[in-house]
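If you're matching positions, the first sequence starts at 19 in the numbering used here and goes up one per residue.
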Amino acid sequence: MKLATWNVNSLNVRLAHLLDWLGREQPDVVCLQETKTEDANFPAHELRLAGYQALFAGQKAYNGVAILSREAASDVVAAMPGFADDQKRVLAATVGGVRVLCTYVPNGESVESEKYRYKLSWLANLRIWLQHELKAYAQLALLGDYNIAPEERDVHDPRLWQGRVLFSEPERAAFRGLLGLGLKDSFRLFDQPERSFSWWDYRMNAFKRNLGLRIDHILLSQDLSGRARGSHIDKTVRALERPSDHAPVITELQ
DNA sequence: ATGGCAGGAAGCTCCTGA
19 MKLATWNVNS LNVRLAHLLD WLGREQPDVV CLQETKTEDA NFPAHELRLA
69 GYQALFAGQK AYNGVAILSR EAASDVVAAM PGFADDQKRV LAATVGGVRV
119 LCTYVPNGES VESEKYRYKL SWLANLRIWL QHELKAYAQL ALLGDYNIAP
169 EERDVHDPRL WQGRVLFSEP ERAAFRGLLG LGLKDSFRLF DQPERSFSWW
219 DYRMNAFKRN LGLRIDHILL SQDLSGRARG SHIDKTVRAL ERPSDHAPVI
269 TELQ
């Protein structure tokens with residue numbers, strides 16, 4: 019079973035890239051973030067022709083998440099319990115016996131920002147929700163754009179990013195809090211190239227210079243991590259014309 | 001310290017992203 023997560027930065031703009039990529043990679047489950055598409059405009063038909071069912075929770079202009087799957091999905095949840103939020107950032111469903119949680123963690127803007135406080139409270143609630151989900155589903159995968167680079171090796175220049183949003187200590191502590199629930203960072207279960215990143219700024223030729231961050235992750239529950247057979251970041255689509263600023267992360271399960 | 005790049009909504013510019 020091949021799991022993937024990709025922040026597409028507008029599904030409308032990226033649909034051709036996505037369809038090509040689906041045909042090439044043939045993932046079983048794909049979590050998308052920043053679809054920026056209202057549900058009425060979601061390209062369900064095109065994806066169906068490509069062999070994928072789609073669940074989606076979108077809104078105009080901002081946010082928006084979706085789960086694509088070849089098999090049918092069940093037990094769909096489109097919001098975190100106990101957290102009133104107009105922003106479409108979570109979607110959960112069960113596919114092929116695996117509980118799939120698709121998340122778009124708030125960016126936070128800067129550590130001084132009100133949005134940063136929202137990010138931290140959002141992450142605190144995510145942890146509580148996960149505790150409940152893990153009790154109900156032993157085989158669980160949490161995929162998404164976390165907007166957190168967990169370790170120094172996940173940042174092209176840790177000194178530059180020290181204390182800044184995406185790499186600040188409270189955010190990294192929240193990430194470790196998720197690992198504390200028994201989740202494993204599937205990417206780090208395997209040997210990886212140095213300077214592996216999943217996001218590169220559009221500016222400053224950051225992709226060509228590999229000035230990136232690893233902020234998109236696939237975490238696996240203890241039970242599921244035993245089935246992991248490989249994980250990698252697919253940089254090919256980031257090199258295309260008019261790309262998303264994020265690359266997909268892929269983890270394969272036995 | 002700042003800008004740079006991209007998408008969306010709206011519209012001759014601003015907000016947001018990371």
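Don't be surprised by glycine CBs; every beta carbon is placed ideally from N, CA and C.
In this text the structure is predicted, and so the values were computed from the model without any measurement.
Between 102, 115, 98 and 198, which has its C-alpha nearest residue 108's C-alpha?
Nearest option by C-alpha distance: 98.
Is DSSP giving residue 273 helix, strand or coil here?
With the chain running from 19 to 272 in the structure shown, residue 273 is simply not present.
Distance, Cα to Cα, residue 269 vs residue 206?
Taking the straight line from one Cα to the other gives about 11 Å.
Would you give the residue range spanned by the alpha helix (DSSP H) that residue 133 belongs to?
From DSSP, the alpha helix (DSSP H) with residue 133 extends over 132–154.
Considering only residues of the stretch 220–244, which uninterrupted alpha helix (DSSP H) runs meet the minimum length of 4 residues and lie entirely inside it, listed in chain order?
As far as the stretch 220–244 is concerned, its whole alpha helix (DSSP H) runs of at least 4 residues are 240–243.
For residue 310 and residue 30, which I take to be in contact (beta-carbon distance under 8 Å), what is that distance rounded to the nearest angstrom?
An answer regarding residue 310 cannot be provided, because it is not within the stretch 19 to 272 covered by the chain.
Go ahead and label residue 165 buried or exposed: buried means 16 or more other beta carbons lie within 10 angstroms of its beta carbon, across all protein chains shown.
Classification for residue 165: buried.
If we call anything under 7 Å between Cβ atoms a contact, is residue 117 one with residue 70?
Result no, Cβ atoms of residue 117 and residue 70 do not sit closer than 7 Å.
Round the Cβ separation of residue 143 and residue 100 to the nearest angstrom and send it over; I've been treating them as touching at under 8 Å.
Yes, residue 143 and residue 100 are in contact; Cβ-Cβ is about 7 Å, under 8 Å.
Less than 7 Å between C-beta atoms, sequence neighbours within five positions excluded: which residues of the same chain meet that for residue 157?
Cβ neighbours of residue 157 beyond the five flanking positions: 115, 116, 117, 239, 241 and 242.
Can residue 18 and residue 159 be called in contact, C-beta distance under 7 Å?
The shown model of the chain, from 19 to 272, leaves out residue 18, and the question about it has no answer.
Measuring CA to CA, which of 79, 212 and 73 is closest to residue 89?
Taking only the C-alpha atoms, the option nearest residue 89 is 73.
To the nearest angstrom, how far is it from the Cα of residue 170 to the Cα of residue 125?
Whole-angstrom Cα-Cα distance: 19 Å.
Can you list, in chain order, the residues of its chain with a C-beta nearer than 7 Å to that of residue 250? Leave out the 5 residues immediately preceding and following it.
268, listed in sequence order.
Buried or exposed: where does residue 127 fall if 16 or more other Cβ atoms within 10 Å of its Cβ makes it buried?
Residue 127 should be labelled exposed.
Run through the stretch 62–100 for me and flag every whole alpha helix (DSSP H) of 4 or more residues, listed as ranges in chain order.
With a minimum length of 4 residues, the continuous alpha helix (DSSP H) runs that stay inside the stretch 62–100 are 62–67.
Classify residue 249 as helix, strand or coil using the three-state DSSP reduction.
Strand.
Just the Cα atoms here: how many angstroms apart are residue 62 and residue 36?
Each residue's Cα considered, the two are about 13 Å apart.
Return the CA-CA distance between residue 59 and residue 78, expressed in angstroms with no decimal places.
Approximately 10 Å, taken between the alpha carbons.
Counting Cβ pairs closer than 8 Å, one from the stretch 129–146 and one from the stretch 208–227, do we hit at least three?
No, the stretch 129–146 is not in contact with the stretch 208–227.
Give me, in chain order, the residues of the same chain whose beta-carbon lies closer than 8 Å to that of residue 112; leave out the 5 immediate sequence neighbours on both sides.
Cβ neighbours of residue 112 beyond the five flanking positions: 91, 92, 93, 118 and 155.
Just grab the DSSP bridge partners of residue 217 for me.
Bridge partners of residue 217: 231 and 264.
In the DSSP output, what is residue 254 paired with across the bridge?
BP columns for residue 254 are empty, so no partner.
Nearest to residue 163 by CA position, among 228, 84 and 245, is which residue?
Here the closest residue by C-alpha is 84.
Buried or exposed for residue 34, please, with buried defined as at least 16 other CB atoms from any protein chain shown within 10 angstroms of its CB.
So residue 34 ends up on the exposed side.
For residue 42, list the residues DSSP reports as bridge partners.
According to DSSP, residue 42 bridges with nothing at all.
Grab me the residues of residue 266's own chain with a C-beta within less than 6 Å of its C-beta, minus the 5 sequence neighbours each way, in chain order.
So the list reads 22, 24 and 252, once near-sequence residues are dropped.
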